Amino acid sequence: MTNQQKPAHPVVDELLERSIRDIDIPPRPQIIDRIRHEMHRDEPNMFVVGRLISRDVSLAAGLIKTANSPYFGFSLRVRSVNEALMMLGLDAASRAIAAISLHKAFPNSAHYERFWHTSAEIAALSGWLAQHLAVPCVRADDAYTFGLFRDCGIVILLRRFGTYRDILMRANRDGERLFTAHELDALPTHHAVVGSLLAQNWWLPEIISQAIRSHHDPEMLDRFDSGLPLASRRLIAIAQTAERLVQQATGGSQTREWDKLGPSCLRLLDLDDETLAGLVEPAAELIKRID
Amino acid sequence: MSNHKFAVDPITGFLNRGGSLSLARRVIGAVNAKDQPLALLWLDLDRFHKVNASFGHRGGDRIIAHVATLIRGLVPVTAHCMRMGSDEFVILLPGTSLGEARALGQQLAQALEQPLELDGMMIHPTASIGLAQHAAGESLHAFFERADRAMLDAKRQGGNRLVVSGSETFRGRHGVQLAREELAVESDLHLALETGGLSLDFQPVLTFDGRIEAVEGLMRCRVHDRLLAPGRFIPVAEKTGLIVRLGEWSLLQGTRFAARLCHAGRPTKVAINVSRAQLTSPTFLPALHGALICANVDPALIELELTESLVMDESEIVQQNLRRARETGVGLAIDDFGTGYSSLSCLKDLPATKLKLDRSFVQVLPDDRRAYAVVRAMSRLARELGMVMVAEGVETPEQLAALHDAEVEAIQGFIWARPMNEEALLGWLEQRNTP
Numbered sequence: 110m111t112n113q114q115k116p117a118h119p120v121v122d123e124l125l126e127r128s129i130r131d132i133d134i135p136p137r138p139q140i141i142d143r144i145r146h147e148m149h150r151d152e153p154n155m156f157v158v159g160r161l162i163s164r165d166v167s168l169a170a171g172l173i174k175t176a177n178s179p180y181f182g183f184s185l186r187v188r189s190v191n192e193a194l195m196m197l198g199l200d201a202a203s204r205a206i207a208a209i210s211l212h213k214a215f216p217n218s219a220h221y222e223r224f225w226h227t228s229a230e231i232a233a234l235s236g237w238l239a240q241h242l243a244v245p246c247v248r249a250d251d252a253y254t255f256g257l258f259r260d261c262g263i264v265i266l267l268r269r270f271g272t273y274r275d276i277l278m279r280a281n282r283d284g285e286r287l288f289t290a291h292e293l294d295a296l297p298t299h300h301a302v303v304g305s306l307l308a309q310n311w312w313l314p315e316i317i318s319q320a321i322r323s324h325h326d327p328e329m330l331d332r333f334d335s336g337l338p339l340a341s342r343r344l345i346a347i348a349q350t351a352e353r354l355v356q357q358a359t360g361g362s363q364t365r366e367w368d369k370l371g372p373s374c375l376r377l378l379d380l381d382d383e384t385l386a387g388l389v390e391p392a393a394e395l396i397k398r399i400d
Numbered sequence: 008m009s010n011h012k013f014a015v016d017p018i019t020g021f022l023n024r025g026g027s028l029s030l031a032r033r034v035i036g037a038v039n040a041k042d043q044p045l046a047l048l049w050l051d052l053d054r055f056h057k058v059n060a061s062f063g064h065r066g067g068d069r070i071i072a073h074v075a076t077l078i079r080g081l082v083p084v085t086a087h088c089m090r091m092g093s094d095e096f097v098i099l100l101p102g103t104s105l106g107e108a109r110a111l112g113q114q115l116a117q118a119l120e121q122p123l124e125l126d127g128m129m130i131h132p133t134a135s136i137g138l139a140q141h142a143a144g145e146s147l148h149a150f151f152e153r154a155d156r157a158m159l160d161a162k163r164q165g166g167n168r169l170v171v172s173g174s175e176t177f178r179g180r181h182g183v184q185l186a187r188e189e190l191a192v193e194s195d196l197h198l199a200l201e202t203g204g205l206s207l208d209f210q211p212v213l214t215f216d217g218r219i220e221a222v223e224g225l226m227r228c229r230v231h232d233r234l235l236a237p238g239r240f241i242p243v244a245e246k247t248g249l250i251v252r253l254g255e256w257s258l259l260q261g262t263r264f265a266a267r268l269c270h271a272g273r274p275t276k277v278a279i280n281v282s283r284a285q286l287t288s289p290t291f292l293p294a295l296h297g298a299l300i301c302a303n304v305d306p307a308l309i310e311l312e313l314t315e316s317l318v319m320d321e322s323e324i325v326q327q328n329l330r331r332a333r334e335t336g337v338g339l340a341i342d343d344f345g346t347g348y349s350s351l352s353c354l355k356d357l358p359a360t361k362l363k364l365d366r367s368f369v370q371v372l373p374d375d376r377r378a379y380a381v382v383r384a385m386s387r388l389a390r391e392l393g394m395v396m397v398a399e400g401v402e403t404p405e406q407l408a409a410l411h412d413a414e415v416e417a418i419q420g421f422i423w424a425r426p427m428n429e430e431a432l433l434g435w436l437e438q439r440n441t442p
């Protein structure tokens, strides 16, 4: 550290001990910039974008798979990148590509396979819930993208701080204190802020990056004048409900966030406990199909 | 109310815009003939586009119908109510004095404050209200425009208030245009945040011995191939609170660029501007640390630039955030120094590492000897306090020579380097190293 001042937080030391080239927030995939560039033109050319995507086989396959996901509800089956682009539109396609690229952006993510697996389940269930419950002002693909990106800050912090796994365990077990308060006990930041920075850097919609930032905060969920858009609050409620369903259907994702956020989520989605219980079985079916 | 015979808006039952103007023309004729007073309230719901965005148009329509019911319940029977646009209402009040109309406007504002339930959420619509009294011989157009202008002024002051025409700060047609433009800039900023329209340019700060002291990140905003000048979008971002999001975006981009410079073998300090709204936000420190962690950069390579008045703010949150930011190891630079009200006693306690002398001192050099004396003394003071002194806005060789004489340590200005994008700056650095 070139500065003489002693850092206030021991983790700052830990941070600086690592090699400068070690870890970075995953850079925005170039393809997103290319699509944005095309979208800014007076007459965007889908075929130019299609050619760019087709150069990366896994991206192309991922996009076709996304367009054929049940929550988009297209009656036709998409067979090519160009067809997927035509069906989704450039905006939704750009988000889908961000989602596909997210997993790829963490090269050592094999360690966190279970984490990604649960995120994928929550994302798919979120997309399904948004459509099934016809949640006003929420697009199914936004709900899917939010579900996937919601906790991406966790992966960044896990890779950075050796102690983060223990912090997560403590936060997961607590049914009263804010999840992020546990992180702030030991770290100078928390995964919601870090995830929101990544989302902003990847040009995800503001309602998504704002939702990521506040997804553990019951006050932001409840108060209309909290400054958090209603669409963001509903995204949080959908993903939290999806997580609850994953817990009930598979026993996975052992957090106690539902104790803190559940009532607000039900109110935002106009659900009661009985209706929620009725969703467990179709959710379990859907998860089986994903797996 | 005599609303029949004219085109009626189906949601509110009020006259629509087309019907309103022809009726208003006749009302003006009638009050002129009877020598009666005539007042006009122009009411516009605040941030209605957000309600529409959150609840959809059906939700928006329900709010409009609710506001119409409130208006109908409060206005006298002689009033003419009109819906001028999606969220704009005009209430024409023949036989009503300015004082009575003001009282009615205030009653309306209070009634609107009662929360309204929509989709299970309690919402609190507020309105900006403009009030004008008709002057003898005034045209319909001028009368409506005065009320509209007063409403826009109420909005400019933060909304949820009533402004009486004549007391507004906007003057003439240009003023109305200006307020409308601000709303357009706000929507452009939202678009830029989501579609990749933001970028940072970097301007080098160089010492007289040729060292690169730092590069300052300057935000650029491009929407639909138009470049918005910072002078236009920064004030709007500050007014709407968007500055916090833009500021966090800058923090991450600035720290990432500092990391990129390190990776390129050219470790250079990157200065990032921080606004008051950011510094007073409870998430300032987590966001600063988040950016440092995401970029994985030595905090000593980051410098936060704050205005003099912000650094001098004695509120606990500002001082605590400044102290804690400094404790992370980032530098603190005071921008536009010399234009605020810094006292020397404050200066000695400041956690700042750099003073950036305001360009107004530089522009009058070398002719203004008193300015020169101040610059020279300040530069010595900065050195004694362990701070770096930078002169901003240096454009001529004469200014440069005077600043060198005054022993100013570093220079930022077109004379040595203009702001450049990341790639151009990397190229510029490369070139400087090439013999």
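Protein sequence lines correspond, in order, to chains A and B.
Using the working numbering, read the first sequence as starting at 110 and increasing by one per residue.
Using the working numbering, read the second sequence as starting at 8 and increasing by one per residue.
No residue lacks a Cβ here, since even glycine has one placed at the ideal position from N, Cα and C.
As the structure is a prediction and not an experimental result, all values here were calculated from the model.
Cβ pair residue i, residue j closer than 8 Å
i              : j              : result
G224 (chain B) : G261 (chain B) : yes
A118 (chain B) : L77 (chain B)  : yes
A201 (chain A) : L172 (chain A) : no
V355 (chain A) : E152 (chain A) : no
V277 (chain B) : L311 (chain B) : no
A302 (chain B) : R263 (chain B) : yes
R342 (chain A) : I300 (chain B) : no
H325 (chain A) : E352 (chain A) : no
I70 (chain B)  : L125 (chain B) : yes
D275 (chain A) : H300 (chain A) : no
L138 (chain B) : A157 (chain B) : yes
L295 (chain B) : L258 (chain B) : yes
L268 (chain B) : A417 (chain B) : no
P373 (chain B) : Q406 (chain B) : yes
I341 (chain B) : L313 (chain B) : yes
A110 (chain B) : L100 (chain B) : no
G336 (chain B) : L306 (chain A) : no
Where residue i meets chain A, residues with beta-carbon distance less than 9 Å
i              : result
G345 (chain B) : By Cβ distance, chain A contributes nothing, its closest Cβ being about 26 Å from G345 (chain B), past 9 Å.
Where residue i meets chain A, residues with beta-carbon distance less than 8 Å
i              : result
A294 (chain B) : T298, V302, L306
H56 (chain B)  : Simply none; closest approach about 11 Å.
H411 (chain B) : Here the premise fails: no neighbours, minimum Cβ distance about 27 Å.
Amino acids of chain B, ordered along the chain, whose beta-carbon sits closer than 9 Å to that of residue i
i              : result
Q145 (chain A) : Reading the sequence as shown, one finds Arg at residue 145 (chain A) and not Gln. The answer, in chain order, is T202, G203, G204.
D260 (chain A) : The premise fails here: D260 (chain A) is roughly 14 Å from chain B at the closest Cβ pair, so nothing lies under 9 Å.
M148 (chain A) : T202, G203
D142 (chain A) : G203
Cβ-based burial, residue i [other Cβ within 10 Å; buried from 16]
i              : result
D216 (chain B) : exposed
L395 (chain A) : buried
N440 (chain B) : exposed
K363 (chain B) : buried
L277 (chain A) : buried
G304 (chain A) : buried
R282 (chain A) : exposed
S228 (chain A) : buried
T384 (chain A) : exposed
P314 (chain A) : buried
Interface residues of chain B facing residue i [CB-CB closer than 8 Å]
i              : result
Q240 (chain A) : Per Cβ cutoff of 8 Å: no residues; Q240 (chain A) is ~16 Å from chain B at best.
D368 (chain A) : Within 8 Å Cβ-Cβ: nothing; D368 (chain A) doesn't reach chain B, min ~21 Å.
Q309 (chain A) : L200, R252, E255, W256, L259
D381 (chain A) : Residues of chain B passing the Cβ test: none, with the nearest at roughly 12 Å.
Chain D residues whose Cβ lies nearer than 7 Å to that of residue i
i              : result
H197 (chain B) : Of the chains in the structure shown, none is chain D; the protein chains are A and B.
Closer than 7 Å at the beta carbon, the chain B residues around residue i
i              : result
W312 (chain A) : E201, T202, G203
(request) Inspect the CB distances between the region 279-295 of chain B and the region 337-354 of chain A and report whether three or more fall short of 8 Å. (result) no
(request) Report the residues of the region 256-267 of chain B with a CB closer than 7 Å to any CB of chain A, ordered along the chain. (result) Listed by position, the residues of the region 256-267 of chain B near chain A (Cβ gap below 7 Å) are W256, L259, A266.
(request) Pair every Cβ in the region 253-262 of chain A with every Cβ in the region 319-326 of chain A, then say whether three or more of these pairs are closer than 8 Å. (result) yes
(message) At a CB distance below 8 Å, what residues from the region 264-282 of chain A approach chain B? Give them in sequence order.
(response) Against chain B - using a Cβ distance shorter than 8 Å - the residues of the region 264-282 of chain A are I265, L266, R269.
(request) Taking 8 Å as the threshold, find out whether the region 376-387 of chain A comes into contact with the region 44-51 of chain B through three or more Cβ pairs. (result) no
(request) Note down, in chain order, all residues in the region 271-297 of chain B with a beta-carbon under 7 Å from any beta-carbon belonging to chain A. (result) T290, L292, P293, A294, H296, G297
(request) Taking 8 Å as the threshold, find out whether the region 235-254 of chain A comes into contact with the region 273-286 of chain A through three or more Cβ pairs. (result) no
(message) Any C-beta of chain B within less than 8 Å: which residues of the region 185-208 of chain A qualify?
(response) none
(message) Along the region 294-320 of chain B, where does the CB come closer than 9 Å to a CB of chain A? Name the residues.
(response) A294, L295, H296, G297, A298, L299, I300, C301, A302, N303, V304, D305, P306, A307, L308
(message) Does the contact criterion of 3 or more C-beta pairs under 8 Å hold for the region 388-395 of chain B versus the region 349-363 of chain B?
(response) yes
(message) Tell me whether the region 34-48 of chain B and the region 142-150 of chain B touch, counting them as touching only if at least three CB pairs, one residue from each stretch, are closer than 8 Å.
(response) yes
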